[in-house]
Structure formats: C-alpha cells, structure tokens
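Read top to bottom, the protein sequences are chains A and B.
Residue numbers for the first sequence follow the working numbering, so the first one is 3 and each next one is one higher.
Residue numbers for the second sequence follow the working numbering, so the first one is 139 and each next one is one higher.
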Amino acid sequence: MADAFPLAPLEPVRNPQATLPDLIDVLLNRGVVVHLDLIISVADIPLIGVSLKAAIAGIETMLEYGMMRSWDEQTRAWVQRSISRTVPFLPDEELIARMAGACESSGYSSTWRPGTVYLTNRRLFVFRREPREMLWEARLDAIRAIETYVDNTIGGQARTRVRLRTGDGSILRLSASDPERLVRLAGDEIAARDARVDGIAPATTLLREGQLWYYEPRAGGAVWRGGQARIDAATGFSWKAPIDARAAVQLRPEDIRGIHLESDRAPTGNIVLVIDVPWGSARFAAHDITQWADATAAFATTTGTLAAAEPGAHMAGDHDAAQR
Amino acid sequence: MPLSVDEKNLKQGVLSLVITLVEVIQEALESQAVRRMEGGELTEEELNRLGEALLELDEALEQIKADHGITQSVADLRRGLDDVVDEVVDKLINPARWADEAGDRT
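Listed below in structure tokens is the structure:
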C-alpha cells in the first residue's frame with residue numbers, strides 16, 4: 003500500500019492564532035463530555051460531595067449521537083401547536099409558511115379583505131384572527147394553477163399578486179407580503195403531493211446501490227474513502243461514508259454534465275469514474291466501475307430527458323396540463 | 139496575560155465585558171444555527187423564524203454598542219480574550235512549551 007500511495011511526509015500545521023469563537027465552535031461541533039467527582043473536606047473529614055456528569059454539544063451534534071432527539075422534536079412541535087391554538091388547523095396538518103396578505107372577496111363589489119395567508123401541507127387559506135373568520139380556503143389538491151402577476155393598486159402602483167384557479171374553475175386573487183415565495187412553496191407542495199398521489203414508489207426507482215470509493219477533496223489534499231453509493235431516480239445520486247452523518251455527494255440529474263472513465267490510480271484498480279459537475283468533478287472507484295458508469299449515465303439521461311420534457315413541472319401552466 | 143478593563147470608567151468597562159461575552163455566545167449560536175440549517179431537518183417556516191431572530195439579536199447588539207460608545211472597547215476586549223485563549227490552547231497542545239517552562243523553573 004505504501005508503494006502504491008507515495009505520500010509526502012505529513013507536517014503538523016496549526017493556525018498560529020486560536021480565537022475564542024474558534025475554540026467554542028470546535029467544542030460545540032465535537033461535543034464535550036465531563037465526568038467530575040469531587041469531595042470537599044475540612045481537616046480530612048469529607049463535608050460536601052459533587053458528582054457531575056455533563057454532555058455539552060451543539061444540537062446537531064447531539065442528534066448525530068442520538069441524544070435529545072425527542073426533546074428537539076417536542077420543542078419544535080410546541081411552537082406549531084401554539085400557533086394552531088389560534089388558527090383552525092386540521093389534525094396532522096403542518097404549517098409551511100405564513101405571511102401577511104389579503105384575499106379578494108367577490109360580493110356585491112369586489113373588496114380586498116386583509117388577513118394572514120397560511121400555506122400548510124394540506125391547504126392554502128386566508129385567516130383573520132380578530133374578529134375570527136376564515137376568509138378563504140382551498141385544499142391543495144383542488145388548486146389547478148397558481149402564479150404571480152402584476153396588478154395596479156388603487157393608488158396606481160404596480161404590485162405583484164398571486165392568482166390561482168381552483169377545480170371548479172373559479173379564479174381567486176390573493177395578495178401576500180412575499181408572493182414569489184408563496185407561489186414557489188405552494189407549487190413545490192402541490193407537485194410533491196401529485197407525485198405521492200401518482201404512486202411513484204421510491205423502491206422501483208432504485209437504479210443501483212453498493213460499495214463505492216470516493217476521492218474526497220479535503221483541506222490538505224484529496225483522499226480515497228470507502229462508502230455506500232445509491233443511484234435513485236427519485237432522490238438522486240448520493241454517496242455516504244459509514245461514519246458520516248450525511249451524504250458527502252448528492253447529485254441531481256441536471257448536476258451531471260458528463261461521465262467518463264479515466265485511467266488513474268485508485269484503491270480498486272487503475273480505472274476511475276469521473277463525473278463532471280457544475281463545481282468541478284467528482285472521482286469514484288469500484289471493482290465494478292463500468293456498471294456504475296452505465297447506471298450513472300442511465301440516471302443522468304433518462305431522468306434528465308424526462309425533466310427536459312416538462313421543464314419545471316411545478317410551474318403553474320405545466321402543472322395544469324399534467325393534471326388533465 | 140491579564141484582561142484590562144478601564145478602571146476610570148467602571149460602568150462602561152463592565153458593560154463592554156458583558157457585551158463581549160454576549161457577542162461570543164451570539165457567534166456560537168449563529169454557527170450552530172448554520173449547522174442546523176445545513177442539517178436539513180428544519181422546515182421553511184422554522185428557517186425563516188430562526189434567521190429573523192438572529193438578525194434581530196445582531197441588530198440589537200450593534201445598537202447597544204453604538205448607544206454607549208463602546209464599539210471600540212468591545213473590539214479591544216475581544217482581541218484580549220482571543221490572545222488569552224490562544225495562549226491557553228498553545229500551552230495545552232504544545233508539549234515543547236511544557237519543557238520550556240520546566241526548564242525555566244530549575
């Protein structure tokens with residue numbers, strides 16, 4: 003092995019100046035465990051005992067070690083519940099976004115009624131807290147199209163608003179403090195919902211899974227690391243080392259600009275799979291690297307052309323067409 | 139190496155010390171917030187709320203520093219604190235220093 007990988011002699015390098023934030027960052031990211039047993043005695047007679055066991059870390063590190071997971075979830079769920087005490091949410095409805103807004107009511111004359119726009123995983127609705135009234139609501143699966151448009155206010159100013167069409171053909175206009183974000187999130191949610199309804203089971207989209215080496219770029223130069231890779235038409239190409247908490251490589255079909263095999267030194271032989279990505283290239287190796295190359299190519303092209311056939315499936319018009 | 143807090147103006151000195159410590163905590167919170175955001179578990183609504191809360195805290199601190207004219211003394215104090223930490227870390231992880239100190243004593 004030593005002959006195959008001639009390494010330059012390692013030089014220990016340390017940033018000459020360690021700052022307090024650096025120190026705290028390292029401690030929190032790695033986590034600290036303190037076990038302290040202490041007896042305070044006077045004239046050799048123990049008087050006070052201290053038995054201290056502490057673990058201090060950033061919550062993300064805690065979660066990686068499986069600690070405080072339920073507490074974290076409960077804390078975040080509590081906020082959701084405190085919002086839902088005032089807003090009539092359905093059971094197991096999750097809030098995605100909330101912003102100030104208004105909806106146009108069509109009565110004798112059309113007027114704008116102010117309230118708060120709520121987007122959840124089930125519905126889009128406008129709710130007024132005081133006096134309490136649901137101004138307008140629609141289930142997400144009843145929304146056929148949603149888009150932004152520019153309207154003129156009474157004062158003559160141009161303003162971006164949201165227009166949506168529901169299943170019964172009625173068109174409703176909303177105003178929101180951040181219309182682009184609302185439309186984007188609603189579009190994503192509707193598209194995700196359709197995918198679930200259409201029943202694209204993730205298991206059937208798996209193209210390949212197994213051992214793969216990845217040439218991981220690091221501060222001191224790249225190293226080969228063994229890990230598990232997975233090519234899945236639904237979730238993309240991902241590579242993860244066993245000790246890592248998250249995938250180090252996560253590629254979508256549109257990220258893959260090119261695939262080729264190169265002759266280079268690797269732990270498994272002399273062939274390396276190079277995938278060109280927008281931020282450079284990623285290098286992989288395996289004993290069955292040609293199959294990996296084929297699977298990656300299949301993933302990039304099949305799902306890629308699918309994506310090209312309906313660009314931005316979450317956009318309003320296309321979504322509408324796909325529904326019919 | 140001692141930290142110097144201006145004796146003549148004790149109120150400002152203590153306030154600078156408190157603000158410096160709060161700033162250090164704030165930076166730790168921010169970097170942990172970034173880690174959580176990258177962790178991908180938080181919902182869009184939570185990301186927004188977290189970002190806005192941290193931004194507010196940052197603005198409030200800047201406002202307090204400007205109101206009391208302690209921006210400069212906080213910066214000085216932080217530099218001093220960093221030097222102390224640097225020295226301690228250096229002492230802890232650099233065995234050559236232990237030998238030096240042992241040599242000094244004999």
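The C-beta atom is built at its ideal place from N, Cα and C for all residues, glycine as well.
Small disclaimer: the values here were computed from a predicted structure and weren't measured.
Residue Ser154(B) holds the alpha-carbon nearest to the alpha-carbon of arginine 216(B) among Lys149(B), Gln150(B), Ser154(B) and Leu148(B).
The alpha-carbon of threonine 168(A) is positioned some 20 Å away from that of leucine 92(A).
The beta carbon of leucine 30(A) is closer than 8 Å to those of Ile58, Ala59, Gly60 and Thr63 in its chain, skipping five residues each way along the sequence.
When DSSP states are grouped into helix, strand and coil, glycine 223(A) belongs to the coil group. Taking a Cβ-Cβ cut-off of 7 Å, the neighbours of arginine 100(A) in chain B comprise Glu183, given in sequence order. Collapsing the DSSP output to three states places serine 72(A) in a helix.
Under the three-state reduction of DSSP output, aspartate 39(A) falls in the strand class. Counting along the chain, the unbroken alpha helix (DSSP H) around isoleucine 163(B) starts and ends at 148-177.
Under DSSP, glutamate 149(A) forms a beta bridge with Arg165(A). When Cβ pairs closer than 8 Å are counted between the two stretches, the stretch 233-249 of chain A is seen to touch the stretch 283-299 of chain A, the count reaching three or more. Under the three-state reduction of DSSP, isoleucine 156(A) is assigned to coil, being neither helix nor strand. Counted as a single uninterrupted DSSP element, the beta strand (DSSP E) harbouring arginine 285(A) occupies residues 282-287. Burial is judged here by how many other beta carbons sit within 10 angstroms of a residue's own beta carbon; lysine 149(B) has fewer than 16 and is exposed. The stretch 151-166 of chain A and the stretch 73-80 of chain A do not touch, with fewer than 3 CB-CB distances between them shorter than 8 Å.
Secondary-structure assignment with DSSP links alanine 236(A) through no beta bridge to anything. In the three-state reduction of the DSSP assignment, glutamate 139(A) falls in the strand class, which pools E and B. Shortest Cα-Cα distance from aspartate 234(A) to any of Gly223(A), Val279(A), Gln252(A) and Arg163(A) involves Gln252(A).
The straight-line gap separating the alpha-carbon atoms of glutamine 201(B) and valine 28(A) is approximately 29 Å.
Per the DSSP secondary-structure output, leucine 263(A) pairs in a beta bridge with Leu275(A). Nearest to leucine 22(A) by alpha-carbon distance, out of Glu184(B), Val156(B), Val152(B) and Glu165(B), is Glu165(B). Taking one beta carbon from each stretch, the stretch 272-284 of chain A and the stretch 247-262 of chain A have 3 or more pairs nearer than 8 Å; the two touch. At least one C-beta of chain B is nearer than 9 Å to the C-beta of threonine 21(A). For the stretch 167-201 of chain B, residues whose beta-carbon sits nearer than 9 Å to a beta-carbon of chain A comprise Ser169, Gln170, Arg173, Arg174, Glu176, Gly177, Gly178, Glu179, Leu180, Thr181, Glu182, Glu183, Glu184, Asn186 and Arg187. Not flagged as an interface residue toward chain A: valine 212(B), since no C-beta distance is shorter than 9 Å.
When C-beta distances to chain B are compared with 7 Å, the residues of the stretch 59-77 of chain A below that value are Gly60, Ile61 and Glu62, in chain order. The straight-line gap separating the alpha-carbon atoms of valine 35(A) and leucine 54(A) is approximately 10 Å. Between aspartate 238(B) and chain A, the shortest Cβ-Cβ separation is not below 9 Å. In terms of Cα proximity to glycine 228(A), the closest of Tyr216(A), Ala99(A) and Val52(A) is Tyr216(A). From the beta-carbon of valine 227(B), the residues of chain A found nearer than 7 Å are Ala20 and Leu25. Within a 10 Å sphere around the beta-carbon of arginine 163(A) sit 16 or more other beta-carbons, which makes this residue buried.
When Cβ-Cβ separations below 9 Å define contact, valine 162(B) makes contact with chain A. The stretch 89-106 of chain A makes contact with the stretch 128-137 of chain A; the number of CB pairs closer than 8 Å reaches 3 or more. Contacts between leucine 30(A) and chain B, judged by CB atoms closer than 9 Å, involve Ala166, Ser169, Gln170 and Arg173 in chain order.
Not a single CB atom of chain B sits nearer than 9 Å to the CB of leucine 166(A). Excluding five sequence positions before and after threonine 155(A), the CB atoms of its chain that fall closer than 6 Å to its own CB belong to Arg161, given in chain order. Annotation for leucine 180(B): Arg174 and Leu188 place their beta carbon closer than 8 Å to its own, counting only its chain and skipping 5 residues before and after.
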